[in-house]
Structures are given as C-alpha cells and as structure tokens.
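S.K.:
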Ligand SMILES: Nc1ncnc2c1ncn2[C@@H]1O[C@H](COP(=O)(O)OP(=O)(O)OP(=O)(O)O)[C@@H](O)[C@H]1O
Ligand SMILES: [Mg+2]
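In my numbering, the protein residues as written are 23 to 254.
1) In angstroms with no decimal places, state the Cα-to-Cα distance between residue 178 and residue 164.
2) Assign residue 213 to buried or exposed, taking buried as 16 or more other Cβ atoms, counted over all protein chains shown, within 10 Å of its Cβ.
3) If distances are taken between C-alpha atoms only, which option among 151, 103, 195, 134 comes closest to residue 264?
4) If you run the structure through DSSP and keep just helix, strand and coil, what is residue 216?
5) With a threshold of 7 Å (Cβ to nearest heavy atom), would residue 103 be considered close to ligand 1?
6) If we call anything under 8 Å between Cβ atoms a contact, is residue 115 one with residue 149?
7) Rounded to whole angstroms, what is the Cα-Cα separation between residue 64 and residue 71?
8) Where residue 242 and residue 196 are concerned, what is the direct C-alpha to C-alpha distance, given to the nearest angstrom?
9) Got a sec: does ligand 1 put a non-hydrogen atom nearer than 7 Å to the Cβ of residue 185?
10) Grouping DSSP H, G and I as helix and E and B as strand, with all else coil, what is residue 150?
11) Residues in the same chain with beta-carbon distance under 8 Å from residue 96, minus the five sequence neighbours each way, listed in chain order, please.
12) For residue 118, is the classification buried or exposed, using 16 other Cβ atoms within 10 angstroms of its Cβ as the cut-off for buried?
13) What does DSSP give as the partner residue(s) for residue 240 in the beta ladder?
14) Is the distance from the Cβ of residue 200 to the Cβ of residue 59 below 8 Å?
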C-alpha cells in the first residue's frame with residue numbers, strides 16, 4: 023500500500039528517440055503528483071509533453087530514469103503488468119478523440135469495460151448520460167460533432183473509474199467555446215470520481231481549471247505553481 027499520497031512519481035526521466043539525432047525529448051524530468059490533483063502541463067510544440075504522458079502510461083520506455091505509479095516501479099511490473107495498469111487504472115483522452123469508427127458511442131464506452139471483463143451496459147449508459155449524451159448513444163463517431171466525440175472519449179475514460187486520467191491536448195481540435203465545455207466536464211468528472219488528472223496543452227487555456235500548473239520547455243519542467251496565476 024502506498025502511503026505517501028503520491029500517485030505518480032518520475033525520477034530523473036530522460037528520453038531519446040532512436041531516429042532523433044538532435045538530442046533528448048526529455049532531459050531529467052522530476053514530477054510528483056498527489057492523488058486527486060488536477061495538473062496542467064503546458065509548453066510549446068515539441069517540448070516533450072506527449073512523450074512524458076506516454077512514458078507515464080507505460081506506452082514507451084525512458085532512456086533513463088524511473089516512473090512509479092502508486093508506489094510501483096512500472097519497469098519492474100513487466101509488459102503484462104503495464105497492460106493491466108493501463109486497462110484498470112489509467113484513462114486516456116486524446117487530441118483526436120481516437121474513437122473506434124465502426125462502433126457506436128455506447129459500444130465505444132462498453133469496449134473499455136470489456137477490456138476489464140465487466141461489459142456492463144448500464145454503467146456505459148450512465149457514463150454517457152453524465153457527459154450529456156444519453157440521447158445519442160447509438161450514433162457512430164462520424165454522426166457526432168467534435169465536442170460530442172470528445173465527450174464520448176471522456177465517458178470512455180471515466181467509465182472504468184480509473185485513478186489516473188491522462189489527457190493529451192483534450193481540446194486541441196475543438197473551437198474555444200466547445201473546448202471550455204469539454205474541459206469543464208473533464209475536470210468535474212475527475213473531481214467527482216476522485217481521479218487524478220494530468221492534462222497537457224500547448225496553449226494555456228487549460229490552466230484555469232487546474233490545481234497546479236507546470237511549464238515545460240525543451241524536455242524540462244521549469245515552473246511549478248498553483249492555479250490562479252495563469253499569467254493571462
Ligand atoms: N516517435 C518519435 N520518434 C522520434 N522523435 C520523436 C517521436 N515522438 C516525438 N519525437 C520528438 O521528441 C520531441 C518531443 O515531442 P513530443 O511529441 O513529446 O512534443 P509535444 O510537446 O507533445 O508537442 P506538440 O505540442 O506538438 O504535441 C520532438 O522533438 C519530437 O520531434
Ligand atoms: Mg503532443
């Protein structure tokens with residue numbers, strides 16, 4: 023049992039992609055995230071935000087350094103352990119929604135539950151209802167607006183009640199007003215379920231929703247401050 027209250031800890035995380043001649047995408051990232059935090063990381067394109075999220079999710083490996091989720095070193099738990107971790111503990115929301123195009127909204131949400139062996143239709147319908155889509159559950163992604171697709175993606179992430187939600191540019195593909203609504207929804211769903219949220223963005227629009235804001239520059243986290251000081 024992890025008693026430190028930290029749900030995510032990265033220690034001296036470095037990442038160099040094989041084909042990348044010009045150096046490191048991450049250059050010694052130390053990050054500690056407490057359970058229940060709503061963290062916004064922003065930084066310019068290419069600063070390493072997606073790389074960091076992928077490493078935290080165990081989708082890619084660091085060149086050097088350690089990542090602990092709930093006190094467990096994710097290298098030590100092996101590929102099978104990491105898959106389990108992603109299925110049960112981590113929900114994703116991506117920039118381009120990443121819904122399965124041949125499945126309806128309901129089936130997309132249900133799929134996430136099937137992966138953990140609990141294809142409960144009522145849970146999936148409740149999740150869609152909580153993002154305001156109870157009347158559109160049988161639509162395919164192409165029959166939904168961008169904001170609605172992103173809301174399905176949020177329902178899909180929250181339905182399995184993960185302890186961590188990682189959101190990579192969750193509003194990057196939406197107009198400002200829709201983006202605000204989606205962010206509001208994402209944050210309120212995380213608060214309601216007690217999930218820890220890390221959202222990354224190249225713009226600062228996510229920061230008013232965060233309890234903590236970190237700026238990323240050239241593979242390093244350079245500023246760490248409380249919300250309320252967005253600099254806008
Ligand atoms: N699969 C990859 N192979 C090689 N280099 C990569 C790969 N993915 C990212 N990089 C490089 O790593 C650096 C960080 O990229 P990353 O995608 O993490 O940035 P980002 O902050 O998410 O940018 P954006 O805001 O544009 O999404 C960049 O220099 C990028 O070119
Ligand atoms: Mg990115």
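By construction, the Cβ of each residue, glycine as well, lies at the ideal position given by its N, Cα and C atoms.
All values derive from a computational prediction rather than experimental measurement.
M.R.: According to the structure data:
1) Between residue 178 and residue 164, the C-alpha separation is close to 17 Å.
2) exposed
3) There is simply no residue 264 to check, as the chain begins at 23 and stops at 254 in what is shown.
4) Under the three-state reduction of DSSP, residue 216 is assigned to coil, being neither helix nor strand.
5) no
6) no
7) Rounded to the nearest angstrom, the two C-alpha atoms are 8 Å apart.
8) 27 Å
9) no
10) helix
11) 80, 89, 90, 103, 104, 107
12) exposed
13) None, per the DSSP bridge assignment.
14) no
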